Amino acid sequence: MGSGKVRRCLRYTKKFGDDFLHKPYLCGALAAASFLAGVSCRSTMKNIDEDHRDSHSYARPEEVRVRHVELDLEADFAQKVLRGTATLSLKRVVADAPLRLDTEGLSISRVETSQNGRDWADAKFELGPADKILGAALTVPLPAEATLARVHYGTGPKASALQWLEPAQTAGKKLPFLFTQSEAIHARSWIPLQDSPGVRITYSAHIKTPKELMAVMSAEQDPQGTRDGDYFFRLRQPVAPYLIALAIGDLAFQPMSERTGVWAEPSVVAKAAAEFNDTEKMMQAVESLYGPYQWERYDLLVLPPSFPYGGMENPKLTFATPTVLAGDKSLVALVAHELAHSWSGNLVTNATWRDFWLNEGFTVYLERRIQEKVFGQQRAEMEEVNEINELSEEMKRLAPADQILHIDLNGRDPDDGSTLVPYVKGSLFLRQLEQTFGRDRFDEFLRGYFTHFQFQSITTGDFVAYLHKNLLDASPELAAKIPLDEWLTKPGMPSGIALPHSEAFAKVAQLASGWIARSVKTAALPAKAWSTQEWVYFLREVAPKLDASKMRDLDDAFHLTTTANAEVTSPWLVLAVRYQYAAASTRLEEYLTTVGRMRLIEPLYRELAKTADGKKKALAIYAKAKPGYHPLTVGAVETLLKP
Ligand code: BES
Ligand code: ZN
């Protein structure tokens, strides 16, 4: 990839600024990155080749390819270790090549190989040096006829995919909990495998737990299974390894429709089922647009609040944060998003992490279409505008190289690429295609795309080739309106793209400026009727002109400090820190010591870290919060608070 060429262009570019923020009176075409005009960067498109090599894996699937993983693991809650075996079925491509696997922090006691699954022979194996990001390569020389390799191992104390929770960190407070988070490259910290999204595998598992706990996985459950500490699973569809997931705890199930349901701790499950009961409608909405759901069931698992993400699209079983249980379904775009991954991501998968926008950009676009079908255009528009505003804010903090969809992640942690750029810039690219070619044509294109590439892992280059062949090349005049090279290989936003407009927000914006100017009284704000999205928008509008006394007025009238809506709480508390609104201090500490979802708490630590006093406070709160945080959250917060 000609990254040198791309880099040379970056010198001339800037991050995009305030003018990209959504303003109702500025809707339509925006010259967001007009400063890019006149800078000549020769086309880099030819450099987006179809290279499937994954720089984040030691595996050499072109020599030996893992096809199936059979797990036999016991969860030891006392030692906080998963222990047992992984048996890998191999396709031998190059006769005498060894098997190369990814591992991180595993203690490996023994490796065996077999050609028939009955007779096993001990194999020599070698664990290479541990890289901070990639972990260590496990190399196993293979006898001529061997098609199976069995690794005996235990997970390490710092396994980045695992969070072991004490009973106190659960809703029930009586039993411990364990969950995994394998995306992007953390599967290797609990399973020795070829941890590359280009190596699709099926899997089966036998999981042993203390008998009072229930285990669930991103797979089919044994239909006869009862809660007895002995569980069997299998996933018949080939998936990327980052989609293997396990959770163990005091879990109850409540069905929502024939093929959807919710798992959660007993005290949470009814609330969760009520919040998510539009899931079946959402499934029908995507199916009507992009073809049948290919994974039989779609269930959700609501985790304890330390879960570091909003949601994770584990096949057949989305993992979700409890912070979306607002009581009014206002945050269920998350379900739309994770469900959409059943097409974009799980069915058609990014082949390497630099193609991550193929997963997330497509998914945000699909999420929008689901929200529009299920909740109407107004809601979908509001959600889109808020996300674009967030992208614009985040872009200001990102180096130009990190504003690129086809990002260069060589030598970096792929989680670093998980900004709003692949999500929101990616979806805006698809939105421009939709608007240029028309919805009907674009829908047909996407349907074809999901069918053509189903159960495959593809690169940005594969997508570009398909796009040319099936959309662009037939209509050169329309294609000329799409700055493809700019979308994929340049920082910032292409100039002149049409951004969405929200009528509802135009009203909120007017009220916000009236309220700041004191021509609109606090009591006259129709805010009791505002949706979550309108609140988020209002707070962003008034943010630059607030002070502690204005915050007091809002709080007295609308009780923002005590709102149950975690996505309003986060921006509210950011403002409380900024304007030293002391009445929210207790809530701030409570929020930071219970919620572990990175996207909600990072803005708070970031704001605190801006002043010496705030930073002291942040460190004190963090010291209390840390034992309850996931390893990924610990890493993210420590980056923000480091001296
Ligand atoms: N697949 C992601 C979560 C993820 C990304 C985990 C990268 C690890 C590395 C998931 O689908 C996601 O995007 N979650 C969002 C949800 C939101 C966009 C609705 C989140 O967690 O905030
Ligand atoms: Zn996603």
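Residue numbers (numbering that gives the first Met the number 0): 0 to 642.
Note that CB positions come from ideal geometry on N, CA and C, so glycine has one too.
A quick note: this is a predicted structure, and the numbers were derived from the prediction, not measured.
Query raised in the report: Do you know how far the Cα of LEU242 is from the Cα of MET281?
Result: On the sequence shown, position 282 is the one that residue 281 refers to. On the sequence shown, position 243 is the one that residue 242 refers to. Spanning the two alpha carbons is a distance of roughly 21 Å.
Requested in this report: Starting from the C-beta of GLU73, find all residues in its chain whose C-beta is less than 6 Å away, skip the five residues before and the five after it, and write them out in chain order.
Outcome: In the sequence shown, the residue the question calls residue 73 occupies position 74. Excluding sequence neighbours, GLU73 sits near ARG82, GLY83, LYS207.
Query - Own chain partners of ARG411 with C-beta closer than 8 Å, once the 5 adjacent residues on each side are dropped - result: Mapped onto the sequence shown, residue 411 falls at position 412. Result list for ARG411: ILE132, in chain order.
**Report entry** Cα-Cα separation, GLU502 to GLN377
**Finding:** Mapped onto the sequence shown, residue 502 falls at position 503. Mapped onto the sequence shown, residue 377 falls at position 378. So the alpha carbons of these two residues sit roughly 8 Å apart.
Query raised in the report: Within this structure, are the beta carbons of SER343 and LEU365 separated by less than 7 Å?
Result: Looking up residue 343 in the sequence shown gives position 344. Looking up residue 365 in the sequence shown gives position 366. Their beta carbons are under 7 Å apart, which means SER343 touches LEU365 by this criterion.
Requested in this report: State the DSSP-derived secondary structure class of LYS328, mapped to helix, strand or coil.
Outcome: Position 329 of the sequence shown holds residue 328. Here LYS328 sits in coil by DSSP.
Query raised in the report: Looking at C-alpha atoms only, which residue of PRO482, HIS500, ARG586, PHE504 is the closest neighbour of SER494?
Result: Counting from 1 along the sequence shown, the entry for residue 494 is found at position 495. Nearest C-alpha to SER494: PRO482.
Report task. Run through the stretch 80-160 for me and flag every whole beta strand (DSSP E) of 3 or more residues, listed as ranges in chain order. Result -> 80-91, 98-102, 106-113, 135-139, 147-153
Requested in this report: Have a look at PRO525 and ALA325 and give me their C-alpha separation to the nearest angstrom.
Outcome: To locate residue 525, count along the sequence shown from 1; it is residue 526. To locate residue 325, count along the sequence shown from 1; it is residue 326. Between PRO525 and ALA325, the C-alpha separation is close to 20 Å.
**Report entry** Same chain, Cβ closer than 6 Å to ASP194, five either side skipped, listed in chain order
**Finding:** Sequence index remark: in the sequence shown, residue 194 carries index 195 (1-based). Cβ within range, chain order: SER56, ASP101, ILE184, ALA186, ARG187, PRO240.
Query raised in the report: Where ALA379 and ASP227 are concerned, what is the direct C-alpha to C-alpha distance, given to the nearest angstrom?
Result: On the sequence shown, residue 379 is found 380 positions in, with the first residue counted as 1. On the sequence shown, residue 227 is found 228 positions in, with the first residue counted as 1. Those two C-alpha atoms are separated by around 44 Å.
Report task. Give me the Cα-Cα distance between LEU510 and TRP534, rounded to the nearest whole angstrom. Result -> As a first step, residue 510 is located in the sequence shown; it is residue number 511 there, counting from the start. As a first step, residue 534 is located in the sequence shown; it is residue number 535 there, counting from the start. Approximately 12 Å, taken between the alpha carbons.
Report task. Check whether the Cβ of GLU359 lies closer than 6 Å to any heavy atom of the ligand ZN, and answer yes or no. Result -> Counting from 1 along the sequence shown, the entry for residue 359 is found at position 360. Because some heavy atom of the ligand ZN lies under 6 Å away, the Cβ of GLU359 counts as near it: yes.
Report task. Please name the residue or residues paired with THR208 in a DSSP beta bridge. Result -> The residue given as residue 208 occupies position 209 in the sequence shown. Note: THR208 sits in no beta bridge, so no partner.
**Report entry** ILE190 (DSSP reduced to helix, strand or coil)
**Finding:** Counting from one through the sequence shown, the residue named residue 190 turns up at place 191. In this structure, ILE190 counts as coil in the three-state DSSP scheme.
Query - Candidates THR531, ALA522, THR568, of which the one nearest ASP552 by Cα - result: Taking the sequence shown and counting its residues from 1, the one referred to as residue 552 is at position 553. Of the candidates THR531, ALA522, THR568, the one whose C-alpha sits nearest the C-alpha of ASP552 is ALA522.
Report task. Could you tell me whether any non-hydrogen atom of the ligand BES is closer than 6 Å to the CB of ALA244? Result -> Along the sequence shown, read from residue 1 onward, the residue named residue 244 stands at position 245. Incorrect: ALA244 has no Cβ contact closer than 6 Å to the ligand BES.
Query raised in the report: Looking at SER217 and the ligand BES, is the gap between the Cβ and the nearest heavy atom below 6 Å?
Result: Locating residue 217 in the sequence shown gives position 218, where the first residue counts as 1. Every heavy atom of the ligand BES is 6 Å or more from the Cβ of SER217, so no.
Report task. Closer than 7 Å by C-beta to LEU25: which residues in its own chain qualify, once you throw out the five before and the five after it? Chain order, please. Result -> Start at 1 with the first residue of the sequence shown, and residue 25 comes out as number 26. Because LEU25 carries a pLDDT of 28, less than 50, the predicted location of this residue cannot be relied on, and no value is offered for it.
Query raised in the report: With a Cβ-Cβ cutoff of 7 Å, do LEU545 and LEU574 count as a contact?
Result: For the purposes of this step, residue 545 is taken as residue 546 along the sequence shown, with counting starting at 1. For the purposes of this step, residue 574 is taken as residue 575 along the sequence shown, with counting starting at 1. In this structure, LEU574 lies closer than 7 Å to LEU545 by Cβ.
Query - Strand pairing of ILE200, partner residues [DSSP] - result: Sequence index remark: in the sequence shown, residue 200 carries index 201 (1-based). ILE200 pairs with VAL238.
Query raised in the report: Where does GLY344 fall in DSSP's three states?
Result: What you label residue 344 is simply residue 345 of the sequence shown in a count that begins at 1. Three-state DSSP puts GLY344 in coil, outside helix and strand.
Query raised in the report: Within the present structure, is the beta-carbon of THR112 separated from the nearest heavy atom of the ligand ZN by less than 6 Å?
Result: Position 113 of the sequence shown, counted from the first residue, corresponds to residue 112. No, the ligand ZN has no heavy atom inside 6 Å of this Cβ.
Query - Option in TYR448, ALA464, LEU477, ILE406 with minimal Cα separation from LEU432 - result: On the sequence shown, residue 432 is found 433 positions in, with the first residue counted as 1. Minimum Cα distance to LEU432 is reached at LEU477.
Requested in this report: State buried or exposed for ALA624, treating a residue as buried only when at least 16 other CB atoms are found within 10 Å of its CB.
Outcome: Residue mapping note: residue 624 aligns to position 625 of the sequence shown, counting from 1. Flag for ALA624 reads buried.
Query raised in the report: Would you call the CB atoms of ARG149 and THR320 closer than 7 Å?
Result: Sequence index remark: in the sequence shown, residue 149 carries index 150 (1-based). Sequence index remark: in the sequence shown, residue 320 carries index 321 (1-based). No, Cβ-Cβ distance for ARG149 and THR320 is not below 7 Å.
Query raised in the report: Taking Cβ positions, are SER217 and ASN349 nearer each other than 7 Å?
Result: Locating residue 217 in the sequence shown gives position 218, where the first residue counts as 1. Locating residue 349 in the sequence shown gives position 350, where the first residue counts as 1. No, Cβ-Cβ distance for SER217 and ASN349 is not below 7 Å.
Query raised in the report: Which value, in whole angstroms, describes the spacing of the CA atoms of THR169 and PHE361?
Result: Reading the sequence shown from its first residue, position 170 is the one you call residue 169. Reading the sequence shown from its first residue, position 362 is the one you call residue 361. Cα to Cα, THR169 sits roughly 34 Å from PHE361.
Query raised in the report: Under the rule that 16 or more other beta-carbon atoms within 10 Å means buried, what is ASN115, buried or exposed?
Result: One-based indexing of the sequence shown puts residue 115 at position 116. Under this definition ASN115 is an exposed residue.
Requested in this report: Please find out if some non-hydrogen atom of the ligand ZN comes closer than 6 Å to the beta-carbon of THR362.
Outcome: Translated into the one-based positions of the sequence shown, residue 362 becomes position 363. True, at least one ligand heavy atom lies under 6 Å from that Cβ.
Query raised in the report: Under a three-way DSSP split, which group does GLY3 fall into?
Result: Within the sequence shown, the letter at position 4 stands for residue 3. At GLY3 the pLDDT is 32, less than 50, meaning the model places this residue with poor confidence; the figure from the coordinates comes in the next sentence. Residue state, collapsed to three classes: helix.
**Report entry** ARG598 Cβ short of 6 Å to the ligand BES heavy atom set
**Finding:** The residue you call residue 598 lines up with position 599 of the sequence shown. For the ligand BES, at least one heavy atom lies less than 6 Å from the Cβ of ARG598.
Query raised in the report: In this structure, does DSSP put GLY309 in helix, strand or coil?
Result: Against the sequence shown, residue 309 aligns to sequence position 310. Three-state result, GLY309: coil.
Query raised in the report: Short check: CB of ASP327 to CB of HIS205, under 7 Å?
Result: By 1-based counting over the sequence shown, the position of residue 327 is 328. By 1-based counting over the sequence shown, the position of residue 205 is 206. No.
Query raised in the report: the ligand BES heavy atoms versus the CB of LEU333: any closer than 6 Å?
Result: Position 334 of the sequence shown, counted from the start, is the residue given in the question as residue 333. LEU333: yes, Cβ under 6 Å from the ligand BES.
Query raised in the report: Relative to the C-alpha of PRO626, which residue among TRP163, LYS527, PRO222, GLU393 is closest?
Result: Taking the sequence shown and counting its residues from 1, the one referred to as residue 626 is at position 627. Answer by Cα proximity: TRP163.
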